[in-house]
Amino acid sequence: MTFTYFLKTAIAGLKTNRSRSALTILGIVIGITAIMLVMSLGQGAQNLILGEIQGIGAKTIAIAPGQQPTGLSSALATFADSLKNRDLTLLQNKANVPYAAKIMPLVFGSEIAAYGNNTYRPTIYGATDFFAQIYDIYPEQGRLFTEDEVKSYADVAVIGSKMKDKLFGNDEALNQKIKIKGRNFRVVGILGKKGQSAFVNFDDAAIVPYTTAQQYIFGIKYFNRMIVEADSEANIDKTVQDIKITLRNSHNITEAAKDDFFVETQAQAMAMVSTITSVLTYFLAAVAAISLIVGGVGIMNIMLVSVTERTREIGLRKSLGATYRDILTQFLMEAVTLTATGGIIGIALGSLWSFIISLVLTKVLGLNWEFTFPLMAAALGVGVAAVIGLVFGLYPARQAAKKSPMEALRYE
471 MTFTYFLKTA
481 IAGLKTNRSR
491 SALTILGIVI
501 GITAIMLVMS
511 LGQGAQNLIL
521 GEIQGIGAKT
531 IAIAPGQQPT
541 GLSSALATFA
551 DSLKNRDLTL
561 LQNKANVPYA
571 AKIMPLVFGS
581 EIAAYGNNTY
591 RPTIYGATDF
601 FAQIYDIYPE
611 QGRLFTEDEV
621 KSYADVAVIG
631 SKMKDKLFGN
641 DEALNQKIKI
651 KGRNFRVVGI
661 LGKKGQSAFV
671 NFDDAAIVPY
681 TTAQQYIFGI
691 KYFNRMIVEA
701 DSEANIDKTV
711 QDIKITLRNS
721 HNITEAAKDD
731 FFVETQAQAM
741 AMVSTITSVL
751 TYFLAAVAAI
761 SLIVGGVGIM
771 NIMLVSVTER
781 TREIGLRKSL
791 GATYRDILTQ
801 FLMEAVTLTA
811 TGGIIGIALG
821 SLWSFIISLV
831 LTKVLGLNWE
841 FTFPLMAAAL
851 GVGVAAVIGL
861 VFGLYPARQA
871 AKKSPMEALR
881 YE
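With the first letter of the sequence shown counted as 1, position 231 gets the number 701 in my numbering; the numbers rise by one all the way through.
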């Protein structure tokens, strides 16, 4: 008997009870759809995050206070006060870090801003004008604040488009004064609408000189971050080593294990993010795959019921010359057909929902979310579905094939 014959027989057998076959397939469909969704969205999230990191620039190096986080509890330790003004001065000294082209200290927090009767709580970033080059965002109106304004603790601000709309509406905002922490800041620049960029939503931000932010807004004498740009990609590793040596000398640290700061390049950040998102995606996919096992058990139960209901048919086939192998192959083919059909439908539904979610994230939330069709997940889904059909269909198929033709024909 040919494969085509067995396939036609299997389809005919499944059609005799369409509703039961459909419900059996549903368990496989749910499992494969879940795997496709998790894998597709996980890849999309990874691409988004890596794209944001790449957008900062390959020559950019970040310095953060505290020890490098290895988990949630240690991540909280990064909010330390180990990076001070003396460290900035030492890093700006070419004798210490000769390959550093630019260095930008960064402080941030949230405060209420007011204009007239309107109030809004943006994220306040204290930086230098270098932030525009790093994040590739420049004022649509007005200008950036100058180095002299940073040195003189000037009360000037560059605001995002959303903040402008909330405080000023359709009124002119440029050169108007907003009140933050009791001080009047003159709006010197308004950023164009950009949305989320490199983990920062500049639409919802106010950028002021870091000196002003430290002294008058946050009242701190340390930095939340320092951003260093190497003069070339070839000198990144040398610059990282120079930064570590300079900060260890500044903090009187003799062992690397006792560092109260950590330095991260974009390549390291991308590798870490890629590892974390991949592990998380595969873990969630494994959890979703549990539903496939449940679906497999359902298939075995349905096939056992089918074997019982079709006992006389089995006896008749055997009496007409069907062998043990023929009966075994027929019922295995039915189980595999069920799971393969569920796998194909699941891949189609998972891809469709992934595309819809990607579209919503892009159009509604303004994220640069790219739809990704996970070929590996599709292949894995169909493969796993077929294996489950074979594994969970084998026992019912063997039970059918072992039936005696005489006993099967007498079965009522």
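Quick reminder that beta carbons are idealized off the backbone N, C-alpha and C, glycines included. Given the structure is predicted, the values throughout are model-derived calculations rather than measurements.
Legend entry - Bridge partners - Glu-699, DSSP secondary structure assignment: Against the sequence shown, residue 699 aligns to sequence position 229. Glu-699 pairs with Thr-530 and Lys-572.
Legend entry - Of the listed residues Ile-500, Gln-537, His-721 and Leu-614, nearest to Pro-679 (C-alpha basis): As a working mapping, residue 679 is identified with position 209 in the sequence shown. Closest option to Pro-679, Cα to Cα, is Leu-614.
Legend entry - Member of Tyr-623, Lys-651, Gln-684 and Asn-640 whose CA lies at the smallest distance from the CA of Pro-592: Position 122 of the sequence shown, counting from 1, holds the residue named residue 592. When only C-alpha atoms are compared, the closest one is Lys-651.
Legend entry - Per DSSP, cross-strand counterpart(s) of Lys-554: One-based indexing of the sequence shown puts residue 554 at position 84. For Lys-554, which the question treats as bridged, DSSP gives the partners Tyr-692.
Legend entry - Status (buried if at least 16 other CB within 10 Å, exposed otherwise) for Phe-753: Along the sequence shown, one-based indexing puts residue 753 at 283. That one is exposed.
Inset, instruction - Please confirm if the segment 690 to 698 is in contact with the segment 566 to 574, defined as three or more CB-CB distances below 8 Å between the two stretches. - result: yes
Inset, instruction - Check whether the segment 646 to 660 touches the segment 710 to 719, taking contact to mean three or more Cβ pairs, one atom from each stretch, closer than 8 Å. - result: no
Legend entry - Cutoff 6 Å; reference Asn-566; Cβ partners in own chain excluding five residues on either side: The sequence position of residue 566 within the sequence shown is 96, counting from 1. Excluding sequence neighbours, Asn-566 sits near Leu-560 and Thr-716.
Inset, instruction - Go to Ala-602, then tell me how far its alpha helix (DSSP H) extends in each direction, as first and last residue. - result: Along the sequence shown, one-based indexing puts residue 602 at 132. Run containing Ala-602: 600 to 605, per the alpha helix (DSSP H) assignment.
Inset, instruction - Run the CB neighbour count on Ser-491, radius 10 Å, all protein chains shown included, and call it buried at 16 or more, exposed below. - result: What you label residue 491 is simply residue 21 of the sequence shown in a count that begins at 1. Buried: at least 16 other Cβ atoms inside 10 Å.
Inset, instruction - Under the assumption that Ile-648 contacts Ala-602 (Cβ atoms under 8 Å), give the Cβ distance between them as a whole number of angstroms. - result: Taking the first residue of the sequence shown as position 1, residue 648 is located at position 178. Taking the first residue of the sequence shown as position 1, residue 602 is located at position 132. Not confirmed; about 20 Å, so no contact.
Inset, instruction - Verify whether the separation of the beta carbon atoms of Gly-768 and Gly-497 is less than 8 Å. - result: Here residue 768 is taken as the residue at index 298 of the sequence shown, counted from 1. Here residue 497 is taken as the residue at index 27 of the sequence shown, counted from 1. Contact flag set, yes.
Inset, instruction - Keeping to the same chain, check which residues put their C-beta closer than 8 Å to that of Leu-750; ignore five residues upstream and five downstream. - result: Counting from 1 along the sequence shown, the entry for residue 750 is found at position 280. Cβ neighbours of Leu-750 beyond the five flanking positions: Gly-512.
Legend entry - Rounded separation between Thr-589 and Leu-637 - CA only: Counting from 1 along the sequence shown, the entry for residue 589 is found at position 119. Counting from 1 along the sequence shown, the entry for residue 637 is found at position 167. Going from the Cα of Thr-589 to the Cα of Leu-637 covers about 6 Å.
Legend entry - Spatial distance of Trp-839 from Ala-532 (CA atoms): Within the sequence shown, residue 839 is the residue found at index 369, counting from 1. Within the sequence shown, residue 532 is the residue found at index 62, counting from 1. Straight-line Cα distance between these residues: approximately 25 Å.
Inset, instruction - Ignore the nearest five residues each way along the sequence and tell me which others in Gln-646's own chain have a CB closer than 6 Å to its CB. - result: As a first step, residue 646 must be located in the sequence shown, where it is residue number 176. Val-657.
Legend entry - DSSP state of Thr-724 mapped onto helix, strand, coil: Mapped onto the sequence shown, residue 724 falls at position 254. Coil, per DSSP.
Inset, instruction - May I ask you to report which of helix, strand or coil DSSP gives Val-861? - result: Counting from one through the sequence shown, the residue named residue 861 turns up at place 391. Note: Val-861 maps to helix in three-state DSSP.
Inset, instruction - Give the DSSP bridge partners of Pro-609, in chain order. - result: If you number the sequence shown from 1, residue 609 lands on position 139. BP columns for Pro-609 point to Leu-661.
Inset, instruction - Use the C-beta contact count for Ser-552: other C-beta atoms within 10 angstroms, 16 or more gives buried, fewer gives exposed. - result: Locating residue 552 in the sequence shown gives position 82, where the first residue counts as 1. That one is buried.
Inset, instruction - Just tell me which of Thr-793, Ile-760 and Thr-799 has its CA closest to the CA of Thr-503. - result: For the purposes of this step, residue 503 is identified with residue 33 of the sequence shown, where counting begins at 1. It is Ile-760.
Inset, instruction - Classify Asn-719 as buried or exposed, calling it buried when 16 or more other Cβ atoms lie within 10 Å of its own Cβ. - result: As a working note, residue 719 is residue 249 in the sequence shown. By the neighbour-count rule (16 or more Cβ atoms within 10 Å), Asn-719 is not buried but exposed.
Legend entry - Three-state class that DSSP yields for Lys-647 in the structure shown: Numbered from its first residue, the sequence shown carries residue 647 at position 177. The answer is strand: DSSP assigns Lys-647 an E or B state.
Inset, instruction - State the beta-bridge partners of Asn-587 as determined by DSSP. - result: As a position in the sequence shown, residue 587 is number 117, starting the count at 1. In the DSSP output, where bridge partners are listed per residue, Asn-587 has none listed.
Legend entry - Identity of the residues DSSP links to Ala-675 by a beta bridge: Numbered from its first residue, the sequence shown carries residue 675 at position 205. According to DSSP, Ala-675 bridges with Thr-593.
Inset, instruction - Taking all protein chains shown into account, decide if Leu-507 is buried (16 or more other Cβ within 10 angstroms of its Cβ) or exposed. - result: Taking the sequence shown and counting its residues from 1, the one referred to as residue 507 is at position 37. When all chains shown are included, Leu-507 counts as buried.
Inset, instruction - With DSSP as the reference, label Ala-883 as helix, strand or coil. - result: Limits of the chain in this structure are 471 at one end and 882 at the other, which puts residue 883 out of reach.
Inset, instruction - List the residues that DSSP assigns as beta-bridge partners of Thr-735. - result: Looking up residue 735 in the sequence shown gives position 265. Ile-531.
Legend entry - Strand pairing of Ser-580, partner residues [DSSP]: The residue given as residue 580 occupies position 110 in the sequence shown. BP columns for Ser-580 point to Thr-593.
Inset, instruction - Please name the residue in Met-633, Ala-627, Gly-662 and Glu-734 whose C-alpha comes closest to that of Arg-653. - result: Taking the first residue of the sequence shown as 1, we reach residue 653 at position 183. When only C-alpha atoms are compared, the closest one is Ala-627.
Inset, instruction - Report the option in Thr-793, Tyr-585 and Leu-576 whose CA atom is closest to the CA atom of Tyr-692. - result: In the sequence shown, residue 692 corresponds to position 222, counting from 1. Checked all of Thr-793, Tyr-585 and Leu-576; the closest Cα to Tyr-692 is Leu-576.
Legend entry - Where Val-628 falls: helix, strand or coil (DSSP): Here residue 628 is taken as the residue at index 158 of the sequence shown, counted from 1. In the structure shown, Val-628 sits in a strand (DSSP, three-state: E or B).
Inset, instruction - Determine which residues share a DSSP beta bridge with Asn-771 and list them. - result: If you number the sequence shown from 1, residue 771 lands on position 301. The partner list for Asn-771 (beta bridge, DSSP) is empty, contrary to what the question assumes.
Inset, instruction - Using only alpha-carbon positions, find the residue among Gln-684, Asp-673 and Gly-813 that is nearest to Tyr-623. - result: Taking the first residue of the sequence shown as 1, we reach residue 623 at position 153. The shortest Cα separation from Tyr-623 among Gln-684, Asp-673 and Gly-813 belongs to Gln-684.
Legend entry - Host alpha helix (DSSP H) of Glu-617 (start-end): Indexing the sequence shown from 1 puts residue 617 at position 147. Start and end: 617 to 621.
Inset, instruction - Quickly, what does DSSP pair Arg-656 with across the bridge? List them, please. - result: For the purposes of this step, residue 656 is taken as the residue at position 186 of the sequence shown. Note: Arg-656 sits in a beta bridge opposite Val-626 and Lys-647.
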